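Peer 1: Chain order of the listed sequences is V and B. All the letters of the first sequence, read from the start, carry residue numbers 1 to 155 under my numbering. All the letters of the second sequence, read from the start, carry residue numbers 1 to 104 under my numbering. Each residue gets a CB set at the ideal place from its N, CA and C atoms; glycine is no exception. These numbers come from a predicted model, not from an experiment.
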Amino acid sequence: MSQAEGTTKTNEMEIIFDSKSENEGFARVAVAAFLTQLDPLLEEVSDVKTAVSEAVTNAVIHGYRGGEGKIRLSCRLDKESRKIYIEVEDKGVGIEDVEKAREPMFTTRPELERSGMGFAFMEAFMDDVEVESTPGEGTCIKMYKRFEEWITQSL
Amino acid sequence: MQYQVEENCLTIFLPQEVDHHNAEDIRKEADKVIEQKHIRYVIFDFAGTNFMDSSGIGVIMGRYRQVYLMGGEVWAVHANDRMKRILRMSGVTKIMQVFEEEKK
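1. With a Cβ-Cβ cutoff of 9 Å, do V:A27 and V:V45 count as a contact?
2. In whole angstroms, what separates the C-alpha of V:T10 from that of V:Q37?
3. Of all the CB atoms in chain B, is at least one closer than 9 Å to the CB of V:V60?
4. Between V:R76 and chain B, is the shortest Cβ-Cβ distance under 9 Å, so that the two count as touching?
5. On the CB-based measure, 16 or more other CB atoms within 10 Å of its CB, does V:H62 come out buried or exposed?
6. Could you work out which residues of chain B lie near V:A46, taking near to mean beta carbons separated by less than 7 Å?
7. What does the alpha-carbon distance come out to for the pair V:K91 and V:C140?
8. Give me the Cα-Cα distance between V:I71 and V:S21, rounded to the nearest whole angstrom.
9. For B:I57, return the contacting residues in chain V, with the cut-off set at a CB-CB distance below 7 Å.
10. Can you list, in chain order, the residues of its chain with a C-beta nearer than 7 Å to that of V:A30? Leave out the 5 residues immediately preceding and following it.
11. Kindly list, in the order they appear in chain B, the residues whose Cβ is closer than 7 Å to that of V:G138.
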């Protein structure tokens, strides 16, 4: 009984893919497709897609510096609270100063024309963003967003 | 990259999704044209675009730096509400005019 309840209320997926720029689009589309079971607003899907795109791009450019590596993306949704939890993890170089990295307009790669807005976008489009990083070991971005309640009225 | 040159004005027809993956190509091709054709005005046409992340903001800021010293400008046209929101949030609207189309 309790197990059956548990399985209906939450749903989780995890994908692991190569750190390649062509997988940035794949990652955000995979999450968007997974989200549809919550019947989110179009705007909410766009918000999550943007945040996922930023996190995965960070892993490709900064975590692995364009080199080889694996990125883990997990997504858990809770149908009752209408919350979605996303983790994007890399085993790359890590971030020396997380606080600095989160400042808008700050970038360590201006030569790549990075705008320094990645974390600002994640923060703007998600309800909360946590960054766990250890230099030399990697980075894990944890974020969540709560979707609007649908008010359904029977005619 | 889809683009069009009229005198010293370059119009870039952005793809459906502007992310890090295709931003690189846009910037390389745009800079080649800007240099060869002595471009001063760059228009980013968002008519076919429904997704852009901060990589796109980097592309706009970079092209602005290219033309700004020659007294040039960058513009955005045909941006939908989502794209306008992204442009405003990033602060790039301080250096770029977002052309408002007349509502039919």
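Peer 2: So, from the data block:
1. No, these two residues do not count as a Cβ contact at 9 Å.
2. Spanning the two alpha carbons is a distance of roughly 11 Å.
3. Chain B contact via Cβ: present.
4. So no, V:R76 is outside the interface.
5. By the neighbour-count rule (16 or more Cβ atoms within 10 Å), V:H62 is buried.
6. Rather than Ala, the amino acid found at residue 46 of chain V in this sequence is Ser. Listed by position along chain B, the residues whose Cβ is nearer than 7 Å to that of V:S46 are R82.
7. So the two alpha carbons sit approximately 9 Å from each other.
8. The alpha-carbon separation between V:I71 and V:S21 amounts to approximately 11 Å.
9. Those within 7 Å of B:I57 in chain V are S115 and M117.
10. Contacts found: I15.
11. Neighbourhood of V:G138 in chain B, by CB distance below 7 Å: empty, with the nearest CB roughly 19 Å away.
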